[in-house]
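Report on one structure; see the data block that follows.
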Amino acid sequence: QQQVKQSPQSLIVQKGGISIINCAYENTAFDYFPWYQQFPGKGPALLIAIRPDVSEKKEGRFTISFNKSAKQFSLHIMDSQPGDSATYFCAASTAGRRALTFGSGTRLQVQP
Amino acid sequence: SQTIHQWPATLVQPVGSPLSLECTVEGTSNPNLYWYRQAAGRGLQLLFYSVGIGQISSEVPQNLSASRPQDRQFILSSKKLLLSDSGFYLCAWMVRTSGSYNEQFFGPGTRLTVL
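Residue numbers (our numbering), protein chains in the order written: chain A, 530 to 641; chain B, 45 to 159.
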């Protein structure tokens, strides 16, 4: 029940297109949902995060959409750029658990 | 501002040799600290976390151990490395203040190759 399932495993998008990565969870106690971006050879960097009291959060070209009833959340990257090519991880946690549960990651490639 | 350091950045060790990876955090006090391992092209596996000096929780049984001798220092060790210990080791810290969003920040990582 602690799992977070992420899809797709890999994604190829043309420059200027929209990249969409999806995550699903079972534990209804999760109350914090961050997304991380990782470039090769680097540690993951916090990109954007959402709490379940809102259905959408936007920061620049990055948007999290959250569907509490479906227990799903997704990352949308608008106007995708080659510099967005990286691996993206979704995660979830509860206030009582001291660690994040990560999805398996999505390797995004944005073609010029 | 907070900074997290890991060293060494890369390490090549023979099978059966010992291991010591170090992580330090600056600019914060009493953080939660974490060790993750990432195999090539794979996700993040939580190995250990610590909520305070001398307090270690293990998530996955293996030949690795962790210690927290100081508030902002976290060490990952092994007495005898296995080939399967190869990977990218990441240290992370988390704000512990109440009402926070559990934001977790990662260090630059250590690439370990066991031959």
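C-beta atoms are modelled at their ideal positions from N, C-alpha and C, and glycine is treated no differently.
For clarity, every value in this text was computed on a predicted model and none was experimentally measured.
Relative to Gly-87/B, the option among Ile-48/B, Leu-108/B, Phe-132/B, Gln-148/B whose CA is nearest is Phe-132/B. Between Tyr-617/A and Thr-592/A, the C-beta spacing is not below 8 Å.
Secondary-structure assignment with DSSP links Pro-563/A through a beta bridge to Ala-578/A.
Here DSSP, grouped into helix, strand and coil, assigns Pro-611/A to helix. Here DSSP, grouped into helix, strand and coil, assigns Leu-127/B to helix.
Apart from the 5 residues on each side of it in sequence, Thr-68/B sits with its Cβ closer than 6 Å to the Cβ of His-49, Arg-116, Gln-117 in its chain, given in chain order. Chain A has a Cβ within less than 8 Å of the Cβ of Gln-148/B. Per DSSP, the continuous beta strand (DSSP E) segment holding Thr-47/B begins and ends at 47 to 51. For Pro-62/B, the CB contacts under 8 Å within the same chain, skipping 5 residues up- and downstream, are Ser-121, Ser-122, Lys-123, Lys-124, Leu-125 in chain order. If you draw a straight line from the Cα of Phe-559/A to the Cα of Gly-612/A, it comes to about 31 Å. A distance below 8 Å between beta-carbons, with the five flanking residues on each side excluded, links Gly-632/A to the following residues of its chain, in chain order: Val-533, Lys-534, Gln-535, Cys-552, Phe-618, Cys-619, Ala-620.
Gln-538/A and Val-639/A have their C-alpha atoms roughly 15 Å apart. Within a 10 Å sphere around the beta-carbon of Asn-76/B sit 16 or more other beta-carbons, which makes this residue buried. Apart from sequence neighbours up to five positions away, the residues of its chain that approach Ser-64/B with a beta-carbon distance below 7 Å are Ile-119, Ser-121, ordered along the chain.
For the 8 Å CB-CB criterion, Ala-599/A and Phe-568/A do not form a contact. Scanning its chain for C-beta atoms nearer than 6 Å, with the 5 sequence neighbours on each side dropped, one finds around Val-95/B the residues Asn-76, in chain order. Taken through DSSP and simplified to helix, strand or coil, Gly-96/B comes out as strand. The contact set of Ser-633/A on chain B, defined by CB atoms closer than 8 Å, consists of Arg-86, Gly-87 in chain order. Taking a contact as a CB-CB distance under 8 Å, the pair Gln-89/B and Val-104/B counts as one, their CB atoms being some 7 Å apart. The alpha-carbon of Pro-113/B is positioned some 26 Å away from that of Lys-571/A.
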